[in-house]
Structure formats: C-alpha cells, structure tokens
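Enquirer: Numbering (my numbering), first residue to last: 21 to 538. Glycine included, every Cβ here is placed at the ideal spot set by N, Cα and C. All values reported here derive from a predicted model rather than from experimental measurement. Structure in structure tokens, see below.
Next up, the structure:
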C-alpha cells in the first residue's frame, strides 16, 4: 500500500491555533505520509511539522458555511485547531489524517525513513543492557552469570536474548521455571546492591492454579538467589496485586508462591492500580489541566478527584519499601504482579533510582530505561517519568539529568523519529530489524547541542540513597508537562535557564584561562 492512496487532499489554506500562549499561524497546510506541515507566509515563523502516525490521538471535525475546523488532540497533550478553507478540503484532510494516524504497521512508521545529518545507522545501539550491566555485577560478586537460554526468544518472547541469573542454576532448570511462570517470565536480576550484597529481581506470577501446583526448579532458583548472598539470607516477594486479586488469579491458573515451598521468602501485597483505572485517572487529569476557565475550587476538586498524585504516592511508597528491604534490612526483593510488566517495571526502576547513584547519571538512566522498560505500557511509563520528576524536585542536586530529558522521553515514547521506543520486546525489534534500519534516540539526545536542555547544571554526585517524601505537601503536579501548553513559563523555569547561562559563562572563562596559561 502506498501512502498516496490514503491522502485524499494533500494541501489547503489554513490557520493554525496552537494554544492561548501562541499566536495564530496562517499558510498552506500539506499532508504527507508521516507529517502534517504548515508552510506559513514569508513574514511568519518557520515551518511547523506534526508527526501523524504516533502523535495524533484523536480528531474532531466540524463544518460551517464554506469552511471547516479540525481539532487534533495529540499524545504530547497539545490541542491544535486547524481552520481550513473549503468544506470538501476540510473533510478530505480529516479523513487523510485519520487513515494515516491509525496505521499499525511498524515498518511503515517514520523512524524507518528518518535519516538525519550527522548520525549514522547503528550509532548508540551498542548499549546491550544485559551484557553491559553484567560487567558491573561481575565486578561486585561472582554469584551471577549471563544465560543465553532465551537466545531464540522461544522461552520468553518478552525477555531479551540474554538474562542475568544465579550461577548455581543451569539453563535446564531455567527453562522449567519459565514454563511455571506466566508468559515465561521467570525471575531474573534487575539490580545488585553492592553495599548490602542483596539483589532486586522481577518476574511474573507462578502458575500454581487451583491445584496448587509446584515447580522444583522454580523453588531451586529462588533458593539459589538467597544462597548467593550469604547463609541465612532472607527475601521479600512484593506482589503488585491485592491478596484478594492474587487469590482470584489462582482460580484461573495463576497464583502466588506458597510459603512452605519457598523457605526464606515472605510475601507482601502492595497493590498498584494499572490498566483502565490508571488510564482514566490520566485522562481526567488532562481534561482538568486543559480547562482554563474553571474556578480555583473547581480546579482543586478535579485535581484531587482524578487521583493521579495518589498513584504517584503509591508507586514511590512501594519502591521505597523495596529499596528499604535491600538497604536497611539486608533482604533480597522479588517484584511481580500477574504479567510482571507495567507496575513491576515501575517499582524495580524507581527502587534502583533511589539506591543507585549510577542510575541517576545521564548514561546510567538511559541504560536503566532500556534495560527495564522493555514494554512501554501507557500511561505506566508516564507515571514512572512523573515519579522521577518528583525525585528530581525533592533532590535537585542528585540527578545528573533535568526535566528536559524526562519531557523528551515522554514525547519520544509516543511519537518519535527514532526507533528506540518501537515495539514491545527485543524479539519484535529483531523481527522488524529496528536496530539496523532506524536511529537510536540516544544518538540524538547525546549530541552536545542537546545536552544543555537535558542536563542538570547543579548536579553533584550523591553516593547515598535518596529517600523521597510521599506526604501530600511534598508531592506536586508536574506543571512542566501537564500545563506546559496552557500557561507561560514558571519563574523557576526562567531561573533554571539563568543558572545554565551562569554555568556556561563560568566554563568559558575557565577554558579561556586554561588556554592563556598554556
């Protein structure tokens, strides 16, 4: 199928309204296979482009007289209004946008056509998170090994080719453990905490079922985890479901780890909402933030009613629980829900940021995202970014990256010219040849010209854990994301830019002095 078959009208005269803070832009509207472009009059601002396939979330159209209006609600929270000359042109352009933005084929998306100057295919696809992270683990302990048991993805389609597992457990046992876990997601290492020698693992639920089935190899795996730490080590299984939900799952083939079968492990239930309820919370927040006419009382009521900050609190609290178990109690932690994705990845990622100074660096955070977020479940990934923003707000010196990186990740997770966030697993990326046919997002973000927008100029290495407060007065609405299209910059954002200017001026002065002395 050719893109031209879906484009009913490729151009029309239009006026673009981008929000209360931006002036209208009038010019020629053009539709291409991947973009909407508005070519303004010569005296206006530069061209506007809008990524269609990934950015447009919903389309509303209406006509009156001899013109029409198209309202585009975008995944980056923008609301764009296009006033178009001609009823037929309006309807044809709306149908073209609807068709192009609903294409599901990965290989027809823009990253497979994007060829920026200065970047080469293959750049920054060298992270290979399991292998790279394993080198660090191997310097700290010899209790773990790299396994290629999933080399052809037949054991677990959502796991990478190689995983980090206990050295004492062979691949045959891993394969049997995988058959006992939903989707084949057997327990694997997420993080080794060098100070305590404990580990953080993730998996999916065991398939015990109503018959309370057991798997000797799965039990052996978790025994080996504790044995690799020290004699008498203990662990906690942090279940992302309520006790009632876990019990119900057993009736449909799932379940939990029986206490008698896994000595040394204690189960804790810390339910996190996910799926539809989380999506509805996000949608209610977006609607409240987009209403600029409401009273203060109405705004505060809607903000509380959407419960988004309650989700932030629950996620950070659960991550702190996991981190405290490792740091303060010397216990190993296994995190899982039913599938072992979304909320599981949310908690394991945040726990690492709390404990691990390396994960709070620019490169370390990028590796963490690639290593843990194999599935970008929306809006769980956004909830993760919001929690990270809360950490940066409470500990402004401890993260090497700033809000700019978090905003960039939010935008690129939904609509990107790069291939990093395409597909939901390494298997899918291999089938689509993502690594060889698209550019990595990190190759773009790690360019020097981008670093000023992404780095924290106040960063100072903090070797200690950072323990966030989850009290109501400590958690804030992330205005830089949720309100950025409806209000002018905050004084803090202006101050941030001024800090960068001061840091840059100081660095230039120091460079000049060094050159002069040389």
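(1) Excluding the 5 residues flanking residue 331 on each side, which residues of the same chain have their C-beta closer than 8 Å to its C-beta?
(2) Can you have a look at residue 224 and say buried or exposed, based on whether 16 or more other CB atoms are within 10 angstroms of its CB?
(3) Would residue 541 and residue 189 qualify as a contact pair, given that the criterion is a beta-carbon distance under 8 Å?
(4) Would you mind stating whether residue 57 and residue 104 have Cβ atoms separated by less than 8 Å?
(5) Check this for me: beta carbons of residue 255 and residue 284, under 8 Å apart or not?
(6) CA-CA distance, residue 30 and residue 430?
(7) For residue 153, which three-state DSSP category applies?
(8) Relative to the C-alpha of residue 212, which candidate in 227, 462, 162 has its C-alpha closest?
(9) Take every Cβ of the stretch 494-503, pair it with every Cβ of the stretch 415-431, and state whether three or more of those distances are shorter than 8 Å.
(10) Pick from 493, 142, 244, 137: whose alpha carbon is nearest that of residue 333?
(11) Rounding to the nearest angstrom, what Cα-Cα distance links residue 152 and residue 488 in this structure?
(12) Per the DSSP calculation, residue 90 is bridged to which residue(s)?
(13) Going by the beta-carbon positions, is the gap between residue 371 and residue 343 smaller than 8 Å?
(14) For residue 447, count the other beta carbons within 10 Å of its own beta carbon; 16 or more makes it buried, fewer makes it exposed. Which is it?
(15) For residue 48, report the span of its beta strand (DSSP E) as first-last.
(16) Could you check the C-alpha separation between residue 143 and residue 459 for me, to the nearest Å?
(17) Assuming residue 351 and residue 218 are in contact, meaning their beta carbons sit under 8 Å apart, how far apart are those beta carbons, in whole angstroms?
(18) Return the chain-ordered list of same chain residues with a C-beta closer than 7 Å to the C-beta of residue 328, the five sequence neighbours on each side being excluded.
(19) Taking its Cβ as the centre, do 16 or more other Cβ atoms sit within 10 Å of residue 202, making it buried, or is it exposed?
(20) If distances are taken between C-alpha atoms only, which option among 414, 360, 271, 125 comes closest to residue 393?
(21) Can you tell me whether residue 320 is buried or exposed, with buried defined as 16 or more other CB within 10 angstroms of its CB?
(22) Could you round the C-beta distance between residue 421 and residue 385 to whole angstroms and report it? I think they count as a contact, below 8 Å.
(23) Here's a check: name, in chain order, each residue in its chain whose Cβ is nearer than 7 Å to the Cβ of residue 127, leaving out the five neighbours to either side.
Expert: Working from what's here:
(1) Stepping through the chain shown from its first residue, residue 331 is reached at position 311. Correct list, in chain order: 292, 293, 298, 301, 403.
(2) On the chain shown, residue 224 is found 204 positions in, with the first residue counted as 1. Residue 224 comes out buried.
(3) An answer regarding residue 541 cannot be provided, because it is not within the stretch 21 to 538 covered by the chain.
(4) Position 37 of the chain shown, counted from the start, is the residue given in the question as residue 57. Position 84 of the chain shown, counted from the start, is the residue given in the question as residue 104. Not in contact: residue 57 and residue 104 (Cβ atoms no closer than 8 Å).
(5) To locate residue 255, count along the chain shown from 1; it is residue 235. To locate residue 284, count along the chain shown from 1; it is residue 264. It is a contact, given that the beta carbons lie within the stated cut-off.
(6) Mapped onto the chain shown, residue 30 falls at position 10. Mapped onto the chain shown, residue 430 falls at position 410. Cα to Cα, residue 30 sits roughly 30 Å from residue 430.
(7) In the chain shown, residue 153 corresponds to position 133, counting from 1. Reduced to three states, the DSSP call for residue 153 is helix.
(8) Along the chain shown, one-based indexing puts residue 212 at 192. Checked all of 227, 462, 162; the closest Cα to residue 212 is 162.
(9) yes
(10) Residue numbering aside, residue 333 sits at position 313 when the chain shown is read from its first letter. That would be 493, whose Cα lies nearest to the Cα of residue 333.
(11) As a first step, residue 152 is located in the chain shown; it is residue number 132 there, counting from the start. As a first step, residue 488 is located in the chain shown; it is residue number 468 there, counting from the start. Their Cα atoms are separated by approximately 28 Å.
(12) The residue you call residue 90 lines up with position 70 of the chain shown. Beta-bridge pairing links residue 90 to 81, 102.
(13) Taking the first residue of the chain shown as position 1, residue 371 is located at position 351. Taking the first residue of the chain shown as position 1, residue 343 is located at position 323. Against a cut-off of 8 Å, the Cβ pair of residue 343 and residue 371 comes out as a contact.
(14) As a working mapping, residue 447 is identified with position 427 in the chain shown. That one is buried.
(15) Residue mapping note: residue 48 aligns to position 28 of the chain shown, counting from 1. Run containing residue 48: 45-51, per the beta strand (DSSP E) assignment.
(16) Walking along the chain shown from the start, residue 143 turns up at place 123. Walking along the chain shown from the start, residue 459 turns up at place 439. In a straight line, the C-alpha of residue 143 is about 7 Å away from that of residue 459.
(17) Counting from 1 along the chain shown, the entry for residue 351 is found at position 331. Counting from 1 along the chain shown, the entry for residue 218 is found at position 198. Right, the Cβ-Cβ distance comes to about 6 Å (below 8 Å), so this counts as a contact.
(18) The residue labelled residue 328 in the question sits at position 308 within the chain shown. Result list for residue 328: 301, 302, 305, in chain order.
(19) As a position in the chain shown, residue 202 is number 182, starting the count at 1. Buried.
(20) Counting from one through the chain shown, the residue named residue 393 turns up at place 373. Of the listed residues, the one whose Cα sits closest to residue 393 is 360.
(21) For the purposes of this step, residue 320 is taken as the residue at position 300 of the chain shown. Per the 10 Å Cβ criterion, exposed.
(22) Taking the first residue of the chain shown as 1, we reach residue 421 at position 401. Taking the first residue of the chain shown as 1, we reach residue 385 at position 365. Sure, about 6 Å apart at Cβ, within 8 Å.
(23) The residue given as residue 127 occupies position 107 in the chain shown. 452.
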